[in-house]
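Participant: No gaps in the numbering here: position 537 of the sequence shown is 536 in numbering that gives the first Met the number 0, and each next residue is one more. For each residue, glycine too, the CB sits at the ideal point set by N, CA and C.
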Amino acid sequence: MAGTVFQGTAGNPARHRERNRAIVNRQLFGAALIVLLVAALLGLPKVASSSLSTAGTGITYLKGQTPMNAPYGAGVTAGGIACGPRVLQVPWSNYAPPCEPAWHGNNGGATAPGVTATTINVSFREATSSILNALYTLVPKDVVGTSQEAIQMMQALFNTFNKSFELYGRHVVLEPYVGKGNFITEDTGGGATQAEADAVNVADSLHAFADISLVGSSDPYTEDLMANHVIAFQLYIHTQQYYQQNSPWLYSPGPNCNKSADGIAAIFGRQLRGVGAQFAGGSLKGKPIKIGVVYQNTPQGAACTQALDQALQQYNLLPVKQAAVTFDLSKLGDEASSAISEMQQAGVNTVICSGCDPISPMFYFKSANADHYEPEWFFQSLYAAGATTTEKFMRLYPASQTKHLITTGAYPLPLADAEANTAFNLGNTDPSAKIFPSYNLVYATVLQFFDALQLAGPNLTPANFEQAMKSIPESIPGGELAGWNGAYGPYDPSSTFQIMKWDPNGTSIADGQKGAFELCNGGTQYPYFSNITTMPLSKPLACSIPSPTSFPKPGQQGQLKLGSAATGAVAPPSAKTKTTAPGKQVR
Numbered sequence: 000m001a002g003t004v005f006q007g008t009a010g011n012p013a014r015h016r017e018r019n020r021a022i023v024n025r026q027l028f029g030a031a032l033i034v035l036l037v038a039a040l041l042g043l044p045k046v047a048s049s050s051l052s053t054a055g056t057g058i059t060y061l062k063g064q065t066p067m068n069a070p071y072g073a074g075v076t077a078g079g080i081a082c083g084p085r086v087l088q089v090p091w092s093n094y095a096p097p098c099e100p101a102w103h104g105n106n107g108g109a110t111a112p113g114v115t116a117t118t119i120n121v122s123f124r125e126a127t128s129s130i131l132n133a134l135y136t137l138v139p140k141d142v143v144g145t146s147q148e149a150i151q152m153m154q155a156l157f158n159t160f161n162k163s164f165e166l167y168g169r170h171v172v173l174e175p176y177v178g179k180g181n182f183i184t185e186d187t188g189g190g191a192t193q194a195e196a197d198a199v200n201v202a203d204s205l206h207a208f209a210d211i212s213l214v215g216s217s218d219p220y221t222e223d224l225m226a227n228h229v230i231a232f233q234l235y236i237h238t239q240q241y242y243q244q245n246s247p248w249l250y251s252p253g254p255n256c257n258k259s260a261d262g263i264a265a266i267f268g269r270q271l272r273g274v275g276a277q278f279a280g281g282s283l284k285g286k287p288i289k290i291g292v293v294y295q296n297t298p299q300g301a302a303c304t305q306a307l308d309q310a311l312q313q314y315n316l317l318p319v320k321q322a323a324v325t326f327d328l329s330k331l332g333d334e335a336s337s338a339i340s341e342m343q344q345a346g347v348n349t350v351i352c353s354g355c356d357p358i359s360p361m362f363y364f365k366s367a368n369a370d371h372y373e374p375e376w377f378f379q380s381l382y383a384a385g386a387t388t389t390e391k392f393m394r395l396y397p398a399s400q401t402k403h404l405i406t407t408g409a410y411p412l413p414l415a416d417a418e419a420n421t422a423f424n425l426g427n428t429d430p431s432a433k434i435f436p437s438y439n440l441v442y443a444t445v446l447q448f449f450d451a452l453q454l455a456g457p458n459l460t461p462a463n464f465e466q467a468m469k470s471i472p473e474s475i476p477g478g479e480l481a482g483w484n485g486a487y488g489p490y491d492p493s494s495t496f497q498i499m500k501w502d503p504n505g506t507s508i509a510d511g512q513k514g515a516f517e518l519c520n521g522g523t524q525y526p527y528f529s530n531i532t533t534m535p536l537s538k539p540l541a542c543s544i545p546s547p548t549s550f551p552k553p554g555q556q557g558q559l560k561l562g563s564a565a566t567g568a569v570a571p572p573s574a575k576t577k578t579t580a581p582g583k584q585v586r
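Structure (structure tokens):
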């Protein structure tokens, strides 16, 4: 499931002609919309700035459209909540936008492809059973989940959020379909024709405004969706530059490669400077840190590793060895073995798996065990929302190696206390349905999508959707997705991270099973791109499994924080977040 970047259609005239035919109608629609928009901007009276305070200055309207209501205004929301100062649209979510009194008026109808006066279409490509069976030979289905479970969870979340968010007279419709292509073939260099056919189907037959295919997606499929002017929420993380180059079509809950690289560099360049390889085993333990990097042999894998190099250089750190590994199951065993041997021979005591997928570490760890090699490991998740480093995935790996592993992300809350579980239960209509195993990946993506839908206003276009992403407000501390703030975007809102260490013998507070993450530095959340000066200098990490009672219960997250004048004022995000103490942020 490696991230593969394709270079467009310039060298393939036949594919170029086919793609142009597929998107010509959508381009004509867009051209007509631009004409209407220009006319509207020339003749539309100015809207009071207060009505745009959560949507940013870039939000536009068509002539005759009814603007969104001012945030925190008096009235009742679409979800039946009394709106007012410091009230969120979804009171039990730390990541919801400010409340908005229920909107009534003219939404402009079909403002973009995939949008009508009453609906917003979202596609989901199901993996075929044969492809999933191949995947299940490597990763059990109770870890990676099934297509049916993903669809059931997404539909439950749609049911909940359609009633809770202000969608200006519309509701989101999920359109699952079984594609001609599959992510495994596409991620290993094949299936380009099938991926393109699926994207054309999404645009021209399903008429989707956006695609949220999660595990069923791939980079080739995503590229074709964007070429067909369908907004794509990507499973894989990329560099900030990659998102900018594909604006306004590509989004992710994040963190992108540059953000996670910033956190990794601070850990090794600041906190562990002079401490040595704290979590390595045997003769490597405590020795001066010598970093090695293994990464996927793809253009985007190389780009993310370059971002890591640049971040490390800020602390005068340079990897002593790097190895690119091809994600091809026929080669992966040999290439992983070669890469680990190179690390060992170079004296590497800290191996960073850059853009780490859940399959490759199986081969890295097997080779390391065979060579009696016990380095400190760091995982940078390939998947959005840290989905590579879930506790379920970590339990698949040998404890002899994972006991040396640290990572960054958001600490897993007890399932009963998770927003994702609350949203699923509120919208689930099938008593036999189970929440998706990697539920935070699904929840983070869907929540980000609905946040932006509300903040974009009634004139739902790709341009307004992008502007809305920039306006996702700073989240309330304590949520299961770490910090969000559109000022850290706009393509992913991830703004803070926690440091975690794996304990293969610990008991998880999330599911009660053996194997759990420990929280380090007291669970402090560190903001990206801030020089992270709140992180201790040259001090060993202190890590432990927190008490389940240290987390707020469902429906209390926002209430607990809103009760404090110091941390509770929920307002549109400022351009810059200031850090005054470890883990506490003020606007």
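Is DSSP giving Asn659 helix, strand or coil here?
Facilitator: A query on residue 659 cannot be resolved here, the shown segment of the chain reaching from 0 to 586 and no further.
Participant: Quick check: the stretch 250-267 against the stretch 484-492, are at least 3 beta-carbon pairs closer than 8 Å?
Facilitator: Touching, yes.
Participant: Is Thr325 helix, strand or coil by DSSP?
Facilitator: Looking at Thr325 - three-state DSSP - the assignment turns out to be coil, as it is neither helix nor strand.
Participant: Taking the alpha carbon of Gly354 as the point to measure from, which residue in Thr297, Asp333, Tyr396 and Ala345 has its own alpha carbon closest?
Facilitator: The residue with the shortest Cα to Cα distance from Gly354 is Thr297.
Participant: How many angstroms separate the CA atom of Glu174 from the CA atom of Tyr438?
Facilitator: So the two alpha carbons sit approximately 19 Å from each other.
Participant: Alpha carbon to alpha carbon, how far is Asn368 from Val229? Give it in angstroms, no decimals.
Facilitator: Taking the straight line joining both Cα atoms gives about 45 Å.
Participant: Please find out if some non-hydrogen atom of the ligand MG comes closer than 7 Å to the beta-carbon of Thr127.
Facilitator: The model on display carries no ligand, and the ligand MG is accordingly not part of it.
Participant: According to the neighbour-count rule (16 or more other Cβ atoms, all chains shown, within 10 Å of its Cβ), is Phe157 buried or exposed?
Facilitator: The residue is buried, with at least 16 neighbouring Cβ atoms inside 10 Å.
Participant: Cβ of Ala111 within 8 Å of Cβ of Thr460?
Facilitator: Cβ atoms of Ala111 and Thr460: closer than 8 Å.
Participant: Please return the same chain residues whose Cβ sits closer than 6 Å to the Cβ of Pro535, not counting the five positions on each side in sequence.
Facilitator: Only Gln270 meet the Cβ criterion.
Participant: From what residue to what residue does the beta strand (DSSP E) around Ile498 run?
Facilitator: It spans Thr495 to Thr506 - the beta strand (DSSP E) in which Ile498 sits, taken as one unbroken run.
Participant: Tell me the residue span of the alpha helix (DSSP H) that contains Ser122.
Facilitator: Unbroken run through Ser122 is the beta strand (DSSP E), Thr118 to Glu125; no alpha helix (DSSP H).
Participant: For Ala310 and Tyr527, what's the separation of their Cα atoms in angstroms?
Facilitator: In a straight line, the C-alpha of Ala310 is about 12 Å away from that of Tyr527.
Participant: Bridge partners of Gln64, per DSSP?
Facilitator: Beta-bridge pairing links Gln64 to no other residue.
Participant: When you compare the stretch 94-107 with the stretch 314-322, are there three or more beta-carbon pairs, one atom per stretch, that lie closer than 8 Å?
Facilitator: Too few Cβ pairs lie closer than 8 Å, so no.
Participant: Three or more C-beta pairs under 8 Å: does that hold for the stretch 175-195 against the stretch 451-468?
Facilitator: The answer is no - the stretch 451-468 does not touch the stretch 175-195, with fewer than three Cβ pairs under 8 Å.
Participant: Measure the CB-CB distance between Ile351 and Leu307 and report whether it falls below 8 Å.
Facilitator: Cβ distance < 8 Å, so Ile351 and Leu307 count as in contact.
Participant: Below 8 Å on the Cβ atoms is my guess for Ala198 versus Phe232; work out the distance and round it to an integer in Å.
Facilitator: Actually they do not touch by this definition, with Cβ atoms about 14 Å apart.
Participant: Would Tyr442 and Ala467 be called neighbours here (beta carbons separated by less than 8 Å)?
Facilitator: No, Cβ-Cβ distance for Tyr442 and Ala467 is not below 8 Å.
Participant: Are the beta-carbon atoms of Leu440 and Asn348 separated by less than 8 Å?
Facilitator: Against a cut-off of 8 Å, the Cβ pair of Asn348 and Leu440 comes out as no contact.
Participant: Taking Val293 as the reference, give the member of Gly285, Lys286 and Cys303 with the closest Cα.
Facilitator: Out of Gly285, Lys286 and Cys303, Cys303 has the C-alpha closest to the C-alpha of Val293.
Participant: In chain order, what residues of the same chain have a beta carbon less than 8 Å from the beta carbon of Gly144, not counting five sequence neighbours either side?
Facilitator: Answer for Gly144: Val214, Phe435, Pro436 and Ser437, listed in chain order.
Participant: Which stretch, first to last residue, makes up the alpha helix (DSSP H) that contains Cys256?
Facilitator: Cys256 to Ala265 is the span of the alpha helix (DSSP H), which, as asked, contains Cys256.
Participant: Does DSSP classify Gly477 as helix, strand or coil?
Facilitator: Three-state DSSP puts Gly477 in coil, outside helix and strand.
Participant: What would DSSP say about Leu459, mapped onto helix, strand or coil?
Facilitator: Leu459: coil per DSSP, three-state reduction.
Participant: Can you confirm whether Pro287, when its beta carbon is compared against all beta carbons of chain C, has any partner nearer than 8 Å?
Facilitator: The structure shown contains no chain C; it holds only a single protein chain.
Participant: Quick check on the DSSP output: the beta strand (DSSP E) that includes Lys513 runs from which residue to which?
Facilitator: Run containing Lys513: Lys513 to Cys519, per the beta strand (DSSP E) assignment.
Participant: For Ala209, which three-state DSSP category applies?
Facilitator: Correct three-state label for Ala209: strand.
Participant: Could you check how far apart the C-beta atoms of Asn484 and Ile471 are, in whole angstroms? I think they sit under 8 Å.
Facilitator: With a Cβ gap of about 7 Å, Asn484 and Ile471 count as contacting.
Participant: Given 8 Å as the limit, is there contact between the stretch 72-86 and the stretch 421-436, that is, 3 or more CB pairs closer than that?
Facilitator: With the cut-off at 8 Å, the stretch 72-86 and the stretch 421-436 do not touch.
Participant: Look at the alpha carbon of Phe362 and the alpha carbon of Ala335, and state the distance between them as a whole number of angstroms.
Facilitator: Computed Cα separation, rounded: 6 Å.
Participant: Can you tell me whether Thr136 is buried or exposed? The criterion is at least 16 other CB atoms within 10 Å of its CB, across all chains shown.
Facilitator: Classification of Thr136: exposed, given that the 10 Å Cβ count is below 16.
Participant: Expressed to the nearest angstrom, what Euclidean distance is found between the alpha-carbon atoms of Pro553 and Ala417?
Facilitator: Any reading at Pro553 needs caution, since the residue's pLDDT is 49, under 50, leaving its predicted position unreliable; the model's value is listed next. Between Pro553 and Ala417, the C-alpha separation is close to 7 Å.
Participant: Please go through the same chain and pick out, in chain order, the residues whose beta-carbon is closer than 6 Å to the beta-carbon of His206, but skip the five residues on each side of it.
Facilitator: The residues are Gly113 and Asn120.
Participant: Starting from Gly168 and walking both ways along the alpha helix (DSSP H), at which residues does that stretch end?
Facilitator: Where Gly168 is concerned, there is no enclosing alpha helix (DSSP H), given that its DSSP letter is neither H nor E.
Participant: Determine the direct distance from the alpha carbon of Asn68 to that of Tyr314, and round the result to whole angstroms.
Facilitator: In a straight line, the C-alpha of Tyr314 is about 47 Å away from that of Asn68.
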